[in-house]
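These notes concern the structure reproduced below.
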Amino acid sequence: MVKVPKNEATMIQCICNSCSSYNECMRGEIMGVFCSTGDAGDCSVEAKECICSDCSVGKQFGLDGEMFCKSGSADMMK
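Residues in the sequence shown are numbered from 3 upward in steps of one, following this note's numbering.
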């Protein structure tokens with residue numbers, strides 16, 4: 003099972019904040035790397051266009067799937 007570390011390196015590469023599903027609540031909580039955490043915490047997620055498959059973090063760790071902020075982390079989906 004793949005585990006994506008939620009650290010400075012992955013946060014720098016993370017593109018979650020450019021996703022149309024990313025919202026003000028997530029910005030306030032400084033959230034990202036949903037492929038690591040598998041959830042949006044206390045923030046609600048309105049599913050819009052997903053860009054998870056375009057993320058270099060996912061590619062680096064060989065992940066597939068989408069909408070990690072809503073559907074669970076990539077390792078949970080395998």
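Glycine included, each C-beta is placed from N, C-alpha and C at the ideal position.
Following the continuous alpha helix (DSSP H) through Gly30, name the residue where it begins and the one where it ends.
Within the sequence shown, the letter at position 28 stands for residue 30. 26 to 30 is the extent of the alpha helix (DSSP H) around Gly30.
Taking its Cβ as the centre, do 16 or more other Cβ atoms sit within 10 Å of Gly34, making it buried, or is it exposed?
Residue mapping note: residue 34 aligns to position 32 of the sequence shown, counting from 1. It is buried - the Cβ of Gly34 has at least 16 other Cβ atoms within 10 Å.
Backbone secondary structure at Cys71 - three-state DSSP:
Sequence index remark: in the sequence shown, residue 71 carries index 69 (1-based). Reduced to three states, the DSSP call for Cys71 is helix.
Short Cβ contact (8 Å threshold) for Cys45 with Cys27:
Translated into the one-based positions of the sequence shown, residue 45 becomes position 43. Translated into the one-based positions of the sequence shown, residue 27 becomes position 25. Yes, the Cβ-Cβ distance between Cys45 and Cys27 is below 8 Å.
Since Cys57 contacts Met69 with CB under 8 Å, what's their CB separation in whole angstroms?
Numbered from its first residue, the sequence shown carries residue 57 at position 55. Numbered from its first residue, the sequence shown carries residue 69 at position 67. Contact doesn't hold; Cβ gap of about 12 Å is too wide.
Give every residue of the same chain whose Cβ lies closer than 6 Å to the Cβ of Cys21, excluding the five residues on either side of it in the sequence, and list them in chain order.
Translated into the one-based positions of the sequence shown, residue 21 becomes position 19. For Cys21, where only same-chain residues beyond five positions count, the Cβ hits under 6 Å are Ile53.
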